[in-house]
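One structure is given here, and the rest of the page talks about it.
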Amino acid sequence: MSPAIPASFVPGVYYLRILPEIVLSVFALVIMMIEGPAKAISTGSSRARLSACVAFIGCLVALATVWVQAANAGDAFSGMFRVDAFTIFMHILLIAATAVIVLLAMDYLPQQGLDRGEFYALLLFATVGMGFMAGSVELIMIFIGLEISSIATYVLCGYRRHNAQSTEASLKYFLLGSFATAFFLYGIALLYGASGTTNLYVMAAHGFTVSPGGISHAALVLAAAGLIFIGLGFKVSAAPFQMWTPDVYEGAPALVTGFMSAGPKAAAFAVALRIFYVALQGSSASWFWLFWTAAILSMCIGNLGALYQKNLKRMLAYSSIAQAGYVLVAFTALGPGGASAVLFYLAAYVAMNIGAFAVISHWAHREEAYVNLKDYAGLGFRFPWLGFCLSMFLFSLIGVPMTGGFFGKLFVFRTALDAHLIGLTVIALLNSALAAFYYLRVIVYMYMRPQEGEPIACARNTAPLWLALASCLGVTLWLGIFPNQALQYALKGAQQLLR
Amino acid sequence: MVPLSYYLALSAILFCLGVAGFIFKQDIITVFISIELMLNGVNLAFVAFSHALRQIDGNIFVFFVMVVAAAEAAVGLAIIIAVMRNRNTLDVDQMTKLRD
Chain V
440 MSPAIPASFV PGVYYLRILP EIVLSVFALV IMMIEGPAKA ISTGSSRARL
490 SACVAFIGCL VALATVWVQA ANAGDAFSGM FRVDAFTIFM HILLIAATAV
540 IVLLAMDYLP QQGLDRGEFY ALLLFATVGM GFMAGSVELI MIFIGLEISS
590 IATYVLCGYR RHNAQSTEAS LKYFLLGSFA TAFFLYGIAL LYGASGTTNL
640 YVMAAHGFTV SPGGISHAAL VLAAAGLIFI GLGFKVSAAP FQMWTPDVYE
690 GAPALVTGFM SAGPKAAAFA VALRIFYVAL QGSSASWFWL FWTAAILSMC
740 IGNLGALYQK NLKRMLAYSS IAQAGYVLVA FTALGPGGAS AVLFYLAAYV
790 AMNIGAFAVI SHWAHREEAY VNLKDYAGLG FRFPWLGFCL SMFLFSLIGV
840 PMTGGFFGKL FVFRTALDAH LIGLTVIALL NSALAAFYYL RVIVYMYMRP
890 QEGEPIACAR NTAPLWLALA SCLGVTLWLG IFPNQALQYA LKGAQQLLR
Chain X
51 MVPLSYYLAL SAILFCLGVA GFIFKQDIIT VFISIELMLN GVNLAFVAFS
101 HALRQIDGNI FVFFVMVVAA AEAAVGLAII IAVMRNRNTL DVDQMTKLRD
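Chains as they are written, first to last, in the working numbering: chain V, 440 to 938; chain X, 51 to 150.
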């Protein structure tokens, strides 16, 4: 009954192929262990600083082991996990994003009085989950990776646990996240029923030919595609499943919002690419319209919603819905072109969005008192470097030339045009023009509005903050000035994904 | 033997009841239980397919789903307790600190 396992699936374990995940797990466990004994001999903040250093070293070691992983490409765990250029691309992106978040946390957590080590352990565990999401080719593993990352992120959302807004955000994220997971799982169950396997590449090779109990497999696959789309749509906050995003992004600690808007979203897109581009390749005509509709809705709802926001976190939440819409435009283009545009855009998006949230979380001050637009009046001249960084990230989100956002959008639009999606491209272009308005408004406030009342003192600038800002800015400019290399990697990843 | 379609219909009904409970119920605990109901609907579908295909995979998947659901419940209840301490209510309609 079950399809024969192709010869390319070499059975075996191959720990080297999941080395980054192992390293991250070990470091996260070490952090949890040093939290206990260190309590007896040191104060809270120095203990958290130790945890932060361990976490940062863990991220760097994990990044280094990605090269070991890359040198040992192939299948691991009897074809459950696959190391190819796509996995490598996503791993570098996700682990680097976490490393930057760890650096920022060294600045943000003491400032907020939240200086506890669990933050770093949860962050690393979430990254382990995202790594598994990106590399797994088996629906069981993808589901477990998704849950590892989601559960850690639910907790991180409510990290200010005495704050009503933060716990409310955590609750909303938890309830809607589990709701979405149930849809995702139901889709998996139907896919399993229609194919008799949970391996995506076996599904792609053998197609959906099983009709258990005389039930039409075409109907099962169609329902499965819809359900999985709903589940992943929630995770990437694509419209019409975006309603949780503004609330959760506003209520969660600013740094966690930055993390959520980057890592888990990119990992969920990786899962979507694996499932829809590989396993459901054959029925693309039936699911194409889901993505087409979601792309238009996300862009329009995101950009229109962002126009009226006074709270910067909420504004960037709507902006992230719109950005997911641009990725969906690329997704709709199908083929290696579509997948590579998705990957490149994700890289640019992660760098610029974490950068923007880095400035916002630094400027938020204790209890996140300053997150509204008016609090940014005069920032640009009083703290030129901070203002410059935020402006660059916002320019990149608009898509101004010389920034990663520009080439990201360019590749997305070009691929969409190549796929003859002219209507969609026109709507996307109009939307990115509309989006410029609310991004530029922040810059206008920073440089052209006099501040009212007491000038806001800037918190002490720390070395980790500047290192993090410099790396985000560096990547944004690198992708904007020399996009070729990253594009080559993205294309290679896309080709190996579809092989 | 009961045909597969009966099991699938029951699993769909369970899932839809869960969705309805999630959308219409006021109490957070009930909303949370509705999610568990959805997961059980999914589990039933897995077991039914596994039986119809004469494979073990679907049954194994159910174990993973149950383990993950338990982990999720642990974290979820902790979050609900944190909300209860901050608000003194578990009414979904009172969760309005964050809105447009």
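Using N, Cα and C, we set each Cβ at its ideal position, and we do this for glycine too.
Classify residue i: buried if its beta carbon has 16 or more other beta carbons within 10 angstroms, exposed otherwise.
i, result
"Met-738 (chain V)", "buried"
"Met-572 (chain V)", "buried"
"Cys-498 (chain V)", "buried"
"Asp-546 (chain V)", "buried"
"Ser-485 (chain V)", "exposed"
"Phe-730 (chain V)", "buried"
"Trp-824 (chain V)", "exposed"
"Trp-728 (chain V)", "exposed"
"Leu-543 (chain V)", "buried"
"Asp-554 (chain V)", "buried"
"Gln-927 (chain V)", "exposed"
"Asn-923 (chain V)", "exposed"
"Leu-127 (chain X)", "exposed"
"Asn-138 (chain X)", "exposed"
"Asp-143 (chain X)", "exposed"
"Thr-146 (chain X)", "exposed"
"Pro-445 (chain V)", "Residue placement at Pro-445 (chain V) is flagged as unreliable, the pLDDT there being 49, under the threshold of 50; a coordinate-derived value is accordingly withheld."
"Leu-548 (chain V)", "buried"
List the DSSP bridge partners of residue i.
i, result
"Arg-521 (chain V)", "V:Asp-514"
"Asp-77 (chain X)", "X:Asp-141"
"Glu-577 (chain V)", "V:Asn-638"
"Asn-811 (chain V)", "V:Asn-750"
With a threshold of 8 Å on Cβ separation, who are the neighbours of residue i within its own chain once the five nearest residues in sequence on each side are excluded?
i, result
"Val-695 (chain V)", "Thr-592, Leu-595, Cys-596, Tyr-598"
"Ile-654 (chain V)", "Gly-632"
"Trp-917 (chain V)", "Gly-843, Ala-925"
"Leu-532 (chain V)", "Ala-705, Leu-785, Ala-786, Val-789"
"Ser-441 (chain V)", "Summary for Ser-441 (chain V): the model assigns pLDDT 44, below 50, so the residue's position carries little reliability, and this model does not support an answer."
"Gln-508 (chain V)", "Leu-455, Arg-456, Ile-457, Leu-458, Pro-459, Val-522, Thr-526, Ile-527, His-530"
"Asp-857 (chain V)", "Ala-772, Gly-776"
"Arg-753 (chain V)", "Pro-685, Tyr-688, Glu-689"
"Leu-64 (chain X)", "Leu-87, Met-88, Asn-90, Gly-91, Leu-94"
So the candidates are the options; which of them puts its Cα closest to the Cα of residue i?
i, options, result
"Gly-838 (chain V)", "V:Tyr-788, V:Lys-813, V:Pro-459", "V:Tyr-788"
"Phe-582 (chain V)", "V:His-859, V:Trp-917, V:Ala-711, V:Ser-910", "V:Ala-711"
"Arg-713 (chain V)", "V:Leu-458, V:Trp-917, V:Gly-932", "V:Gly-932"
"Asp-150 (chain X)", "V:Met-699, V:Gly-847, V:Gln-748, V:Phe-516", "V:Gln-748"
"Leu-912 (chain V)", "V:Phe-796, V:Gly-774, V:Gln-927", "V:Phe-796"
"Ile-190 (chain X)", "X:His-101, X:Ala-95, X:Ile-130", "Since the first residue of chain X shown is 51 and the last is 150, residue 190 (chain X) is not available in this structure."
"Val-121 (chain X)", "V:Leu-585, V:Tyr-784, V:Ala-808", "In the sequence as displayed, the identity of residue 121 (chain X) is Ala instead of Val. Considering only alpha carbons, the answer is V:Leu-585."
"Gly-721 (chain V)", "V:Ser-758, V:Trp-731, V:Gly-774", "V:Gly-774"
"Leu-458 (chain V)", "V:Ser-605, V:Phe-558, V:Ala-487, V:Gly-570", "V:Gly-570"
"Glu-689 (chain V)", "V:Ala-705, V:Asn-602, V:His-656", "V:Asn-602"
"Arg-899 (chain V)", "V:Leu-860, V:Ala-803, V:Asn-923", "V:Ala-803"
"Ala-780 (chain V)", "V:Phe-846, V:Val-851, V:Arg-555", "V:Val-851"
"Ile-667 (chain V)", "V:Val-641, V:Pro-651, V:Phe-618, V:Ala-691", "V:Phe-618"
"Phe-770 (chain V)", "V:Val-798, V:Gly-741, V:Ser-723", "V:Ser-723"
"Ser-40 (chain X)", "X:Asp-141, X:Val-97, X:Arg-137, X:Arg-104", "Because residue 40 (chain X) is not part of the residues shown, which for chain X are 51 to 150, the question remains open."
"Glu-577 (chain V)", "V:Val-641, V:Tyr-559, V:Ser-725, V:Ala-536", "V:Val-641"
"Gly-777 (chain V)", "V:Ala-515, V:Gln-934, V:His-656", "V:Gln-934"
"Leu-87 (chain X)", "X:Leu-54, X:Ala-123, X:Val-69", "X:Val-69"
"Ala-524 (chain V)", "V:Pro-703, V:Ala-512, V:Ser-464", "V:Ala-512"
"Ala-399 (chain V)", "V:Trp-905, V:Phe-876, V:Asp-814, V:Ala-909", "Only positions 440 to 938 of chain V appear in this structure, which leaves residue 399 (chain V) out of reach."
"Phe-622 (chain V)", "V:Gly-670, V:Gln-890, V:Phe-846", "V:Gly-670"
"Ala-761 (chain V)", "V:Gly-574, V:Leu-869, V:Val-567, V:Gln-550", "V:Leu-869"
"Thr-732 (chain V)", "V:Ala-678, V:Gly-744, V:Val-452", "V:Ala-678"
Within the same chain, show all residues whose beta-carbon is closer than 7 Å to that of residue i, passing over the 5 residues directly before and after it, in chain order.
i, result
"Cys-66 (chain X)", "none"
"Ala-443 (chain V)", "The predicted position of Ala-443 (chain V) is uncertain, since its pLDDT is 48 and thus under 50; a value taken from the coordinates is nonetheless stated next. Excluding positions up to five away in sequence, the list is empty."
"Leu-663 (chain V)", "In the sequence under discussion, the amino acid at residue 663 (chain V) is Ala, which differs from the Leu named in the question. Excluding positions up to five away in sequence, the list reads Gly-626, Leu-629, Leu-630, Ala-633."
"Arg-600 (chain V)", "Thr-606"
"Phe-564 (chain V)", "Ala-467, Ile-587, Ala-591"
"Arg-910 (chain V)", "Position check: residue 910 (chain V) holds Ser in this sequence, whereas Arg was assumed. Closer than 7 Å at Cβ, skipping near neighbours: Val-539."
"Thr-848 (chain V)", "A quick correction: the sequence has Lys, not Thr, at residue 848 (chain V). Only Tyr-765, Gly-838, Ser-871 meet the Cβ criterion."
Excluding the 5 residues flanking residue i on each side, which residues of the same chain have their C-beta closer than 6 Å to its C-beta?
i, result
"Phe-698 (chain V)", "Ile-540"
"Val-133 (chain X)", "none"
"Ser-835 (chain V)", "Met-791, Thr-842, Gly-843, Gly-844, Thr-915"
"Ser-447 (chain V)", "Its pLDDT being 46, under 50, Ser-447 (chain V) is placed unreliably in this model, and the coordinates cannot settle the point."
Comparing the CB of residue i with every heavy atom of the ligand GDP, is any distance shorter than 7 Å?
i, result
"His-601 (chain V)", "The ligand GDP is not among the ligands present in this structure, which contains no ligands whatsoever."
Listing by chain order, which chain B residues have their CB less than 8 Å from the CB of residue i?
i, result
"Tyr-625 (chain V)", "Absent from the structure is chain B; the protein chains it does hold are V and X."
Which runs of the alpha helix (DSSP H), 4 residues or longer, sit entirely within the region 535-575 of chain V? If we require 4 residues or more, the alpha helix (DSSP H) runs fully inside the region 535-575 of chain V come out as 557-574.
For the region 602-685 of chain V, list the alpha helix (DSSP H) runs that are entirely contained and at least 4 residues long, ordered along the chain. 603-634, 639-645, 656-674
Residue ranges of each beta strand (DSSP E) run of no fewer than 3 residues wholly in the region 864-894 of chain V, ordered along the chain? none
Residue ranges of each alpha helix (DSSP H) run of no fewer than 4 residues wholly in the region 825-864 of chain V, ordered along the chain? Segments of the alpha helix (DSSP H) lying fully in the region 825-864 of chain V: 843-857.
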